[in-house]
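Residue numbers (the working numbering), protein chains in the order written: chain A, 3 to 447; chain B, 2 to 312.
Glycine residues also receive a C-beta, built at the ideal position from the N, C-alpha and C atoms.
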């Protein structure tokens, strides 16, 4: 019996909510298969046809299995906990079996394997490196760092290095240490996202290879020798590892893509962080394979293989949408549409923009502020038994201008997830996930 | 008759003060804020699922006409029998006692048959209940049903300690599927293949094509009953009807297995003699293949590990 495999690439920068998204997708689809009243739009789509959903056996795959049960247990526990930063890639595979009927005749059921990938969000920004040389990357990074207060120490070291510096390990190690510390500060203190290479912030498991010790450096004129040549060699090895471990096995054969964007956190982090996050998103989206190139097709046919798959649907999702009231979610969707235009996708790729909360935490309510009723949300914070009311500000419906930044958007509280029914076996409370899955699986179910 | 005033626009002579902007039309922007409530609150729950309005289920009660006919048949039959026994007593005491003995034995046998049928129907209902329990999302319900079913099928009791040891419903179901579930399916397949062989031989030996239908029907019903007995369901007459109904429902879910049935039938017919016989007799191959599929459908109808049967 043939089984159709649909690969969904779940992309998103660090802390965009990829792990929570996958946990919720798995829990809700499993609950739907068990006949629980979840995902109403999807349930209507498969109404009258038996749907069975199960976690696919891992087989002998090299990629670790997504630990759905552990993540779900953490969300349902008392007190609940959000998934920690993802430190390695894993695969969530779900087997869907759907009864089929044509003209009243029962046909063999449709068997679909839905594969979704979890990986550290920091690694997503390694994809653009595959098409960038060390010299170009160094120039772009150093240009971006100029004038940034957190980069002063590293820039002082990098500019002090003579162009013809020898390939000394101590020089390379010091520059790498300073650059890496700067990246960590920029992520943790300034909330920046466009930080490369991703493995400097979230290394792959296991001992660190020697080629990791590089940093951006301006090259000597008229040649490539000494320290610069050593760093370029290490960069090339890093890019090769990205190509072999991430780009080809994980992003090379995608049918559909979900781009998770935490716009609300970017708005609350300030103007610079918002612009940085937009740039990071554009860089990552530009590195994905949207269309099949003639060269790829020719190479595959030459090897007597099928040409690589191309993306047919892209769903842009603004995550944590339950942190603002229902009235503002339309603006969130419009803002996402204005920021994430798939210019490289082409006309044959269908796109959708929607606000979602893969794991819902809050409830809407009307808050009277300064004598005026305002739509707001409330929920319990992690570790606090009292409800927290939140009106973080107005979400703009277009890229924010100077007037918006004059009235800052408040930092989003970390709410605890709503209690999933039956310890998660009855699904996970969500917002908008139903519509997103319906869009992704249209034409399959 | 009054003349209506003409519309006009005029400039006033006196200078006017500017009209103040309405505060309601352009209110000051609200300051974002986050505040903690004073009282403690329960953790927020999932919203209740939307109420699903469904048509009322059709009544499963027997029509009044049928109930009346059965009452009449049983009542009149019983009364006639009683009158007959009394009548016999008036003729001779020994004749009365003998008639009473015969009547009692007959009624008892009838009652035993009915009881057996009722038990068979209840056993099928029990399979439905187990299936619902095993497909539920409540761990305790699943574990209880798993233990219950394992205790009642061949090879299941040996698994009971292992089932009690694992505290995971998914692992328990996997154990049942790979253990007794697979063994029972294998045995049902073997029964199907045996019936297929008999079908080929029987149809080849049948003198008249019209008798083929009877042979296929008889062997099919017997096969379904055999498979049901394998799963611990012993159907009587009524139970057989209920079982056949379920088997037809299950056949739609195992429609995909037709391919497997084809393969099995081809394997059976790979014997040169049987292939020759099957070639001689039109429809023997089809009948043989259907026996294999029928065995699988009957197994699906009686196996609580299978998904719910559509009826």
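Take the Cβ of residue i as the centre, count every other Cβ of all protein chains shown within 10 Å, and call the residue buried at 16 or more, exposed below.
i	result
residue 26 of chain A	buried
residue 175 of chain A	exposed
residue 125 of chain A	buried
residue 70 of chain B	exposed
residue 191 of chain A	exposed
residue 223 of chain A	exposed
residue 236 of chain B	buried
residue 228 of chain A	buried
residue 369 of chain A	buried
residue 264 of chain B	Low local confidence applies: a pLDDT of 49 at residue 264 of chain B is under 50, so the model's placement there is unreliable, with the coordinate-based value given in what follows. Counting Cβ neighbours within 10 Å, residue 264 of chain B comes out exposed, since fewer than 16 surround it.
residue 140 of chain A	buried
residue 24 of chain B	Low confidence applies here, because residue 24 of chain B scores a pLDDT of 46, under 50, leaving its location unreliable and the question unanswered by this model.
residue 307 of chain B	buried
residue 292 of chain B	buried
residue 81 of chain B	exposed
Is the beta carbon of residue i less than 8 Å from the beta carbon of residue j?
i	j	result
residue 361 of chain A	residue 320 of chain A	no
residue 134 of chain B	residue 146 of chain B	yes
residue 378 of chain A	residue 327 of chain A	yes
residue 200 of chain A	residue 128 of chain A	yes
residue 24 of chain A	residue 57 of chain A	no
residue 122 of chain A	residue 89 of chain A	yes
residue 94 of chain A	residue 118 of chain A	yes
residue 245 of chain B	residue 225 of chain B	yes
residue 206 of chain A	residue 236 of chain A	no
residue 288 of chain B	residue 228 of chain B	no
residue 245 of chain A	residue 143 of chain A	no
residue 222 of chain B	residue 121 of chain B	no
residue 446 of chain A	residue 107 of chain A	no
residue 139 of chain B	residue 80 of chain A	no
residue 372 of chain A	residue 31 of chain B	yes
residue 130 of chain A	residue 18 of chain A	no
residue 10 of chain A	residue 116 of chain A	yes
Chain A partners of residue i, CB-CB under 8 Å?
i	result
residue 139 of chain B	424 and 427
Please work out which residues of its chain come closer than 7 Å, Cβ to Cβ, to residue i, disregarding the five sequence neighbours upstream and downstream, and give them in chain order.
i	result
residue 44 of chain A	34, 436, 439 and 440
residue 164 of chain B	147, 148, 151, 173 and 176
residue 187 of chain A	152
residue 399 of chain A	333, 336 and 337
residue 416 of chain A	383 and 384
residue 67 of chain A	60, 92 and 93
residue 114 of chain B	237
residue 241 of chain B	222 and 226
residue 117 of chain B	237
Please list, in chain order, the chain A residues whose beta carbon lies closer than 9 Å to that of residue i.
i	result
residue 38 of chain B	380, 388, 389, 390 and 391
residue 33 of chain B	392, 393, 394, 395, 396, 409, 410, 411 and 412
Considering only residues of the same chain and omitting the five flanking positions on each side of residue i, which have a CB-CB separation below 6 Å?
i	result
residue 101 of chain A	51, 52 and 111
residue 14 of chain A	20, 123 and 262
residue 40 of chain A	30, 33, 34 and 429
residue 221 of chain A	137 and 230
residue 419 of chain A	77, 82, 361 and 363
residue 427 of chain A	none
residue 157 of chain B	151 and 181
Apart from the five residues just before and just after residue i, which ones in its own chain have a Cβ nearer than 8 Å to its Cβ?
i	result
residue 334 of chain A	265, 266, 320, 323, 326, 357 and 397
residue 34 of chain B	none
residue 274 of chain A	192 and 194
What does residue i reach in chain A if we use C-beta pairs closer than 7 Å?
i	result
residue 41 of chain B	387 and 388
residue 46 of chain B	420 and 421
Note down, in chain order, every chain B residue with its Cβ under 9 Å from the Cβ of residue i.
i	result
residue 60 of chain A	Going along chain B, no residue has its Cβ under 9 Å from residue 60 of chain A, so there is no contact; the nearest lies around 13 Å.
residue 77 of chain A	What residue 77 of chain A touches in chain B: nothing, since even the nearest Cβ is about 12 Å away.
residue 371 of chain A	31, 32 and 34
In chain B, which residues lie less than 8 Å from residue i when you measure between Cβ atoms?
i	result
residue 49 of chain A	Going along chain B, no residue has its Cβ under 8 Å from residue 49 of chain A, so there is no contact; the nearest lies around 11 Å.
residue 368 of chain A	The contacting residues do not exist; residue 368 of chain A stays about 13 Å from chain B at best.
residue 376 of chain A	31
For residue i, go through chain B and note every residue whose CB falls closer than 7 Å to its CB, in chain order.
i	result
residue 415 of chain A	35
residue 365 of chain A	45
Could you tell me whether any Cβ in chain E is nearer than 8 Å to the Cβ of residue i?
i	result
residue 431 of chain A	The chain inventory of the structure shown lacks chain E, comprising the protein chains A and B.
Unbroken beta strand (DSSP E) runs of length 3 or more, entirely within the stretch 98 to 125 of chain A: which are they?
-> 107 to 120, all fully within the stretch 98 to 125 of chain A.
Which ranges does the alpha helix (DSSP H) cover as unbroken runs of at least 4 residues, wholly within the stretch 135 to 161 of chain B, from first to last along the chain?
-> Counting whole runs of 4 or more residues, the stretch 135 to 161 of chain B contains the alpha helix (DSSP H) stretches 140 to 153.
With a floor of 4 residues, list each alpha helix (DSSP H) that falls wholly inside the stretch 236 to 270 of chain A, ordered by position along the chain.
-> Correct list: 250 to 253.
Report the residue ranges of all alpha helix (DSSP H) runs contained in full by the stretch 10 to 79 of chain A; include only those spanning at least 4 residues, in chain order.
-> Entirely contained in the stretch 10 to 79 of chain A, the alpha helix (DSSP H) runs reaching 4 residues are, in chain order, 20 to 35, 42 to 47 and 70 to 78.
In chain order, which continuous runs of the beta strand (DSSP E) of length 3 or greater are located wholly inside the stretch 311 to 382 of chain A?
-> Runs of the beta strand (DSSP E) lying entirely within the stretch 311 to 382 of chain A, each at least 3 residues long, are 315 to 320, 352 to 357, 365 to 371 and 374 to 382 in chain order.
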